[in-house]
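Numbering (full-length UniProt numbering), first residue to last: 1 to 333.
Cβ coordinates follow ideal geometry from the N, Cα and C atoms, glycine included.
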């Protein structure tokens, strides 16, 4: 099928990708935190549809982009971490830094999209995000943070040999519903999409913290309560709990419901199991030392999921986004 003619004025046409390997299809959103635009592109080598995250001069120069690329390369191969496909950083003729990171595409949207879909449903449609799916989400996020803290094979950290290099922990610092992508499952029979943690744009490593590297700011709506620019494993755990609360409450952000004095969310009448509510309450304790470690969290989730196996209903999700568009259906914007 021939592509439809573009009605976009020539002065607004999309510029080509920084890397000629990738063919630009269309914009996905406006410039935002840690990027100057997200675009849907096609890898001309593999014909795969993926994402181009365009990086600003400032983010390249302050090291944020290099930290993101390094983290994604170190975590490559884990199904709960967004896959990096390629990256390219260079200088233009004026000496300005520019670059792009190419990653897999969340063709089913994000958790943020899903929350908005459920929040905008008709009042007569009394459906909520299925608990079975929420358990899948918290399991994926807990394992994502486990590999960030202990490496792509975290089980080896329990019996680490004396001469094995110590893993330089990665703190994500931006775990929000909009940064958790949903991707079509590998098997058609699977009920729910794959859940993938993305956007490592403000991540830092333990080495960065020890060296006093200038740390980029966080999303204020998901900042842990203990401090501005929180830098600890416990801070990522709090953001997991806050994101799961947003799924349960179908809320865009957590602080409108969070009691910052007691460190609690209103979970007693959530309509979900006490097991799920208790895990969220544990993750979002006011004091970081009272929250679970990522190992404890993975263990607890595994135990509770086993107990609930066969009890929770297998309910389909309302669709957040359609599949990735065919090339012939895409127009420049």
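In this structure, does DSSP put residue i in helix, strand or coil?
{"i": "residue 316", "result": "coil"}
{"i": "residue 91", "result": "strand"}
{"i": "residue 57", "result": "helix"}
{"i": "residue 173", "result": "coil"}
{"i": "residue 51", "result": "strand"}
{"i": "residue 103", "result": "strand"}
{"i": "residue 209", "result": "helix"}
{"i": "residue 178", "result": "helix"}
{"i": "residue 22", "result": "strand"}
{"i": "residue 126", "result": "coil"}
{"i": "residue 16", "result": "coil"}
{"i": "residue 159", "result": "In this prediction, residue 159 has a pLDDT of 47, which is less than 50 and means its spatial position is unreliable; what the coordinates show is noted afterwards. Correct three-state label for residue 159: helix."}
{"i": "residue 97", "result": "strand"}
Whose C-alpha, out of the options, is nearest the C-alpha of residue i?
{"i": "residue 291", "options": "226, 314 and 130", "result": "226"}
{"i": "residue 213", "options": "257, 91, 286 and 61", "result": "61"}
{"i": "residue 147", "options": "94, 123, 80 and 118", "result": "80"}
{"i": "residue 150", "options": "311, 75 and 17", "result": "75"}
{"i": "residue 57", "options": "313, 97, 23 and 139", "result": "97"}
{"i": "residue 249", "options": "179, 63, 117 and 299", "result": "117"}
{"i": "residue 311", "options": "135, 67 and 209", "result": "135"}
{"i": "residue 40", "options": "27, 209 and 108", "result": "27"}
{"i": "residue 55", "options": "203, 88 and 283", "result": "88"}
{"i": "residue 283", "options": "120, 301, 270 and 268", "result": "301"}
{"i": "residue 199", "options": "285, 319, 53 and 109", "result": "53"}
{"i": "residue 347", "options": "152, 127 and 232", "result": "Outside the displayed range of the chain (1 to 333) lies residue 347, so it cannot be described from this structure."}
{"i": "residue 140", "options": "109, 46, 239 and 197", "result": "197"}
{"i": "residue 270", "options": "67, 257 and 261", "result": "257"}
{"i": "residue 259", "options": "36, 286, 235 and 240", "result": "286"}
{"i": "residue 181", "options": "235, 319 and 109", "result": "109"}
Does the distance from the CB of residue i to the CB of residue j come in under 9 Å?
{"i": "residue 308", "j": "residue 279", "result": "no"}
{"i": "residue 145", "j": "residue 175", "result": "yes"}
{"i": "residue 224", "j": "residue 288", "result": "yes"}
{"i": "residue 137", "j": "residue 106", "result": "no"}
{"i": "residue 195", "j": "residue 111", "result": "yes"}
{"i": "residue 51", "j": "residue 131", "result": "no"}
{"i": "residue 78", "j": "residue 44", "result": "no"}
{"i": "residue 264", "j": "residue 242", "result": "no"}
{"i": "residue 191", "j": "residue 314", "result": "yes"}
{"i": "residue 294", "j": "residue 237", "result": "yes"}
{"i": "residue 205", "j": "residue 71", "result": "yes"}
{"i": "residue 129", "j": "residue 267", "result": "no"}
{"i": "residue 42", "j": "residue 23", "result": "yes"}
{"i": "residue 100", "j": "residue 216", "result": "no"}
{"i": "residue 203", "j": "residue 255", "result": "no"}
{"i": "residue 178", "j": "residue 102", "result": "no"}
{"i": "residue 92", "j": "residue 201", "result": "no"}
Residue range of the alpha helix (DSSP H) that residue i falls in?
{"i": "residue 302", "result": "294-308"}
{"i": "residue 68", "result": "64-74"}
{"i": "residue 113", "result": "111-119"}
{"i": "residue 280", "result": "274-283"}
{"i": "residue 236", "result": "233-249"}
I'd like to confirm something about residue i: is its beta-carbon nearer than 8 Å to some heavy atom of the ligand SAH, or not?
{"i": "residue 289", "result": "The model depicted lacks the ligand SAH and carries no ligand whatsoever."}
If you follow the beta strand (DSSP E) that residue i is part of, which residue opens it and which one closes it?
{"i": "residue 131", "result": "Looking at the DSSP string, residue 131 is not in any beta strand (DSSP E); the run it does join, the alpha helix (DSSP H), is 131-150."}
{"i": "residue 197", "result": "194-197"}
{"i": "residue 41", "result": "38-43"}
Validate contact between the region 271-290 and the region 164-175 using beta carbons, cut 8 Å, 3 pairs:
No, they do not touch.
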